[in-house]
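Contents: one structure, followed by commentary.
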Amino acid sequence: MVQIFTYLLVVLVVIGLFSVVNHRMNCVFTILFVCTAYVSSGPTINNNDGLRLVSVFFRHGARTPEHKDRYPNDPYKLDVFQPMGWGQLTNNGKSMAHTLGQALRKRYNKFLDEIYTPEIIKTKSTDYDRTRMSALLALAGLFPPGKSQKWHEELKWQPIPVDYDKDSIDYTLKRPNSYCPRYMKELDQALQSDETLAFLKTHRQTLQYISNHTGKPMNKLGDVFQIYQTLTAERTMNLTLPEWTKKVYPEKVTIIAAKQCELENSNHILKRLNGGRMLAKVISNMVAKTEGSLHPHERKMFLYSGHENNVINILAAMDLYETHFPNYSSAVIIELHYLRSRQNYAVKVLYIRDVYEAPEELTLSGCDVYCPLDDFVSLMEKHIPKNYTLECEATKNLD
Ligand SMILES: *[C@@H]1O[C@H](CO)[C@@H](O)[C@H](O)[C@H]1NC(C)=O
Ligand SMILES: *[C@@H]1O[C@H](CO)[C@@H](O)[C@H](O)[C@H]1NC(C)=O
Ligand SMILES: *[C@@H]1O[C@H](CO)[C@@H](O)[C@H](O)[C@H]1NC(C)=O
Ligand SMILES: *[C@@H]1O[C@H](CO)[C@@H](O)[C@H](O)[C@H]1NC(C)=O
């Protein structure tokens, strides 16, 4: 449907422009043009009429390098990263996180009331300054106070809470490589596999080159992952990277760093014990919403503020991850719709690769862009842990 309207619109715009150019604009074209523009904007608006619930997983905004990722020969030292400090949002990063909130406001303006109520949205972050701050910034962009909630003459901001579990007991958004033994065992095998060793061998020269110039040994993918993080943070701050990086960054360093991301989700068990954990929550919330049992009933949105791995893991759990390193403030959106035409619920997945660009619709393999909820649930079943503690072979309770 939408494609047909879009096609018609394009044809008519071309005809319309042609007539303008020829000073022969006639009434019929004008009317047709206006009608088509009106009709073709219809489906976009109607699409959100059936919207019921939205979950968003996003990466924090641009930041300074992390202390643990620094390398001995880095010309940039802590003084360059002040007053923020290590691993903190830059002003640009703050703007990115705020822009993400504004983009969500734009997309869901009709769906979310202008008025903020505590029931409507729940925000959860990892226990990092940069993710908690990004969550606050996204909320500032999403819920600037309207007339009735304005409490300060100049501040276009109102306080909205963000939840988080202390890092030491975060068993949901945090990487499971410190608390889920089965995941750790499985990941170790992936990192030691013949395929991985062959991959490292192929890039031996590059690893040696990076090691020579950074002054840090590059023995495993994780070492290059750290260099990628630092160089990308510095580049995004518009710092001039050292001459030697030109040969290997971004291309080669990105390929090697992204291999680490890929391996963290390289089989069904890894996907299940990693992003599957959060996907299970998304699904149970969606199902509860359709059954009227989601509490509070008014809940419309869940925001999850995390890191590149949270963006990757949720994509991977849905078999939508193609090896890449997500941008700062990228976001995965999972929407639950009620489709009147089909009298059924459907799930739609979107990916904001670049916070300044429109979201991209992702199509699940074996389903439509609007994937019927029942089909979505069966497609995902293999990645949904039934008893996470048990499957992790954990000695402490992870629920
Ligand atoms: C790294 O440094 C060593 C010792 O200086 C040198 O022999 C080697 O060629 C260098 N390798 C690369 C890839 O730059
Ligand atoms: C870096 O430079 C680009 C291009 O000049 C500019 O658009 C961007 O805002 C700068 N970023 C920062 C963090 O200064
Ligand atoms: C990151 O954003 C840039 C534009 O700023 C875009 O070209 C690129 O595709 C994005 N990268 C990924 C991996 O999505
Ligand atoms: C999950 O497994 C653990 C360990 O076997 C058990 O103690 C717990 O009761 C199980 N949880 C559920 C919800 O079945």
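Under our numbering, the residue at position 188 of the sequence shown is numbered 168, and the numbers go up by one with no gaps. The beta carbon of each residue, even a glycine, is placed where N, CA and C say it ideally should be.
Pairing Glu373 with Arg333, the inter-Cα distance amounts to about 35 Å. Between Leu295 and the set Ser310, Tyr229, Pro124, the nearest pair of CA atoms involves Ser310.
In terms of Cβ geometry, Val327 and Met266 form a close pair [threshold 8 Å]. Around the Cβ of His275, a 10 Å sphere holds fewer than 16 other Cβ atoms; the residue is exposed.
Leu201 is classed as buried because its beta carbon has at least 16 other beta carbons within 10 Å across all chains shown. If you look at Tyr96, you'll find it isn't in any alpha helix (DSSP H); DSSP assigns it neither H nor E. Put simply, of His193, Glu133, Lys232, Gln138 the residue whose alpha carbon is nearest the alpha carbon of Glu223 is His193. Short of 7 Å from the beta carbon of Ile207, and not among the five residues preceding or following it, lie these beta carbons of its own chain, in chain order: Tyr51, Ile190, Thr194, Val233.
For the 8 Å CB-CB criterion, Gly81 and Ala118 form a contact. Between Ala115 and Val335, the C-beta gap is not smaller than 8 Å, which leaves the two residues out of contact.
DSSP lists Ala311 as the beta-bridge partner residues of Ile332.
His193 carries a helical assignment under DSSP once its states are collapsed to helix, strand and coil. Excluding sequence positions up to five before and after Ser345, its CB lies within less than 7 Å of the CB of Asp299, all in the same chain and listed in chain order. When the five nearest sequence neighbours on each side are left out, the beta carbons in the same chain lying within less than 8 Å of the beta carbon of Ser246 are those of Ala170, in order along the chain. The nearest non-hydrogen atom of ligand 2 is less than 7 Å from the C-beta of Thr70. Looking at the backbone, the Cα of Asp59 and that of Ser285 are separated by about 28 Å. Neighbourhood of ligand 1, defined by CB distance below 7 Å to any of its heavy atoms: Gln185, Gln188, Tyr189, Asn192, in chain order.
Taking a cut-off of 8 Å on C-beta distances, the segment 154 to 164 does not touch the segment 119 to 128, as fewer than three cross pairs fall below it.
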